[in-house]
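Here the structure is laid out as structure tokens; the discussion comes afterwards.
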Amino acid sequence: MEKWRATTNLRRSLKSILNRQLSSVSEFRYLNEKRSCQSSFNLIRDCKSLGQVNAIQHRCFSSASTLVQRNPSFSTLNSDDISYFKGLLGEKSVIQDEDRLETVNTDWMHKYKGSSKLLLLPRSTEEVAQILRYCNSRCLAVVPQGGNTGLVGGSVPVFDEVIVNVSSMTNIISFDKVSGILVCEAGCILENLISFLDNQGFIMPLDLGAKGSCQIGGNVSTNAGGLRLVRYGSLHGNVLGLEAVLANGDVLDMLGTLRKDNTGYDLKHLFIGSEGSLGIVTKVSILTPPKLSSVNIAFLACNDYSSCQKLLMEAKRKLGEILSAFEFLDTEAMNLVLHQLDGVRNPLPASMHNFYILIETTGSDESYNREKLEAFLLSSMEGGLISDGVLAQDINQASSFWRIREGVPEALMKAGAVYKYDLSLPVEKMYDLVDDMRIRLGDLATVVGYGHLGDGNLHLNVSAPEYDDKILEQIEPYVYEWTSKHRGSISAEHGLGLMKANKIYYSKSTETVQTMASIKKLLDPNGILNPYKVLPHSLNS
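Per this note's numbering, residue 468 is the first one in the sequence shown, and the count goes up by one each step.
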């Protein structure tokens, strides 16, 4: 009954916010979001000259310098806090060891680093609720953390926030073979869920390169996209319900397992993609498709981007319901993978091509599906859309094809400095940005384009021997302005985190951001949950 009341009261409060006349729009502008990089540098220099304290210059390397000031309303940890948490969780779940803190304070790309002095490892929803209830009463800022595989600084502290890591919450609560609905805790590693479902004859609708480390709670909180969104859709469609803990410790029980439920506002969608800024997701129910017996993978070459587009159109028409992935990478991405990763070989070794396409089909009739794919490939070859290609003959060859596509981020990391941008754009315009960036940067850096062509998601990466302000000044704000001009999104699947919090206006209107800020204020009045992330920093202070 308590959980029901919490959910009902939240719905009433949300209705009052959304019916309220939007006002004072200008106060939500963060200086000038589209200021040039040089203006940002000047702002930082001026602030430093004024002797401001508790401010840090975040050189995230993949985004222009950002001045972030610690919210003075947040408390700092003391011995009484530590004693409380040890009494609640036990000694082993309250971590103050410097070596372990070093790991959780830093993102996996080593671009963002906080200075938290405390890591908490709750084992249940009730423990998460008591942690947040206490932190809220003390005004201690909190960073929710899962596998810490994010790319925008969303899962690590900015300052000394308490880290609440749900990796100990790994129970699979239930699985219904009739409906295919899985209910589990937020700390379950994605790859473990994939293995569990495989044994049950089902698959996860989500598959990521980071599946060996990322956790389902983090996947949901960032609305992770992945490799098979073109077939199974986003988590907004696959997540049937969730449980989340608000900043004040209230538990919202929205852990439904129904395909249809039209009773009021569907509040779970607020927590899918909000990056832990509205509440900590503790449980998830997700609809999983049955595992089909026929999986085929083709690795293809195209001469130009126009052919890639036409091939996608033909694949949707001729492969239809069996198309489960349509990925692309350019020759620069392929070259990096071949040179940086051990054991990777070019499936089409005769020559390097301008573009490569990976197509996966999934169906229930091996003979029919393979014939369908082969007929599509033959007609595409005869039509000049494909210049070369190979169809995987066994699971090892299929894995080697996927290794190329999934290995691009790793290859980029090994090559040196990398500036990463995750963008949604109209498919016909996607590669124009890559071409434009090559003209802008010239010999300064290597521009790499790859991603999920099937759903219009470009991963634009700029690779250089080392980080250089001259390179960054050529990238930003140009990339964001270009994306906004073509009505794209500056974050397709990675989230906003710290890196893009001040860039949100490139994709969202001022009125929309104001409404987001109102919802944040309602659910987290003290602003303790993942501060300095998602929304412009001026709204987090």
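Using N, Cα and C, we set each Cβ at its ideal position, and we do this for glycine too.
Check                                                                                                                      : Outcome
Touching by the beta-carbon criterion (3+ pairs, under 8 Å), the stretch 733-744 and the stretch 806-821                   : no
CYS769 - containing beta strand (DSSP E), residue span                                                                     : 761-769
DSSP-derived helix/strand/coil call for ALA653                                                                             : coil
Strand pairing of ALA596, partner residues [DSSP]                                                                          : In DSSP, ALA596 forms no bridge with anything.
Cut-off 7 Å between Cβ atoms - residues of its own chain near LYS988, not counting five sequence neighbours on either side : none
DSSP-derived helix/strand/coil call for HIS577                                                                             : coil
Three-state class that DSSP yields for LYS988 in the structure shown                                                       : helix
Beta-carbon gap between VAL623 and ASN686 smaller than 9 Å                                                                 : no
Among LEU713, LEU734 and SER1005, the one whose alpha carbon lies nearest that of LEU707                                   : LEU734
Ranges of the beta strand (DSSP E) found wholly within the stretch 922-967, counting only runs of at least 3               : 924-931
Candidates GLY613, SER760, ASP566 and THR616: closest to ASN836 by CA position                                             : SER760
GLY740, enclosing beta strand (DSSP E) - first and last residue                                                            : No beta strand (DSSP E) holds GLY740; DSSP gives it neither H nor E.
Length at least 3, wholly inside the stretch 874-924: the beta strand (DSSP E) runs in chain order                         : 884-891 and 913-919
Candidates ALA959, GLN981, ASN770 and VAL633: closest to ALA691 by CA position                                             : ALA959
C-beta atoms of VAL901 and LEU879 nearer than 9 Å                                                                          : no
PHE541 in three-state terms, based on DSSP                                                                                 : coil
Separation of VAL811 from ILE871, as counted between CA atoms                                                              : 7 Å
Closest by C-alpha distance to LEU778, when choosing among SER846, SER834, SER646 and THR749                               : SER846
Distance between TRP575 and ASN615 (C-alpha atoms, nearest Å)                                                              : 7 Å
Residue environment, MET780, which counts as buried when at least 16 other CB atoms sit within 10 Å                        : exposed
Opposing strand residues paired with GLU794 [DSSP bridges]                                                                 : LEU825
GLY557 (DSSP reduced to helix, strand or coil)                                                                             : coil
Neighbourhood of GLN488 by C-beta, 7 Å cutoff - its chain only, sequence neighbours within 5 removed                       : Below a pLDDT of 50, predicted positions are generally treated as unreliable, and GLN488, at 36, falls in that range; the measurement from the model is reported next regardless. Once the five neighbours on either side are set aside, GLN488 has no close Cβ partner at all.
Closest by C-alpha distance to ILE789, when choosing among VAL762, LEU796 and ASP771                                       : VAL762
SER583 - containing beta strand (DSSP E), residue span                                                                     : First-last for SER583: undefined, no H or E at that position.
Counted within 10 angstroms of its Cβ, other Cβ atoms place ASP717 as buried (16 or more) or exposed                       : buried
Contact under 9 Å by Cβ, VAL561 with LEU587                                                                                : yes
Contact the stretch 982-1002 vs the stretch 962-973: 3+ CB pairs below 8 Å                                                 : yes
Touching by the beta-carbon criterion (3+ pairs, under 8 Å), the stretch 937-947 and the stretch 902-913                   : yes
Spatial distance of THR982 from LEU963 (CA atoms)                                                                          : 17 Å
Cβ pair LEU599, VAL631 closer than 9 Å                                                                                     : yes
Close Cβ partners of LYS553 (< 6 Å) along its chain, the five nearest in sequence each way excluded                        : VAL561
GLU838: first and last residue of the uninterrupted alpha helix (DSSP H) it sits in                                        : 833-849
ARG695 vs ALA792 beta-carbon contact at 9 Å                                                                                : yes
C-alpha gap between THR592 and LEU556, whole angstroms                                                                     : 12 Å
Coarse secondary structure for PHE626, derived from DSSP in three states                                                   : coil
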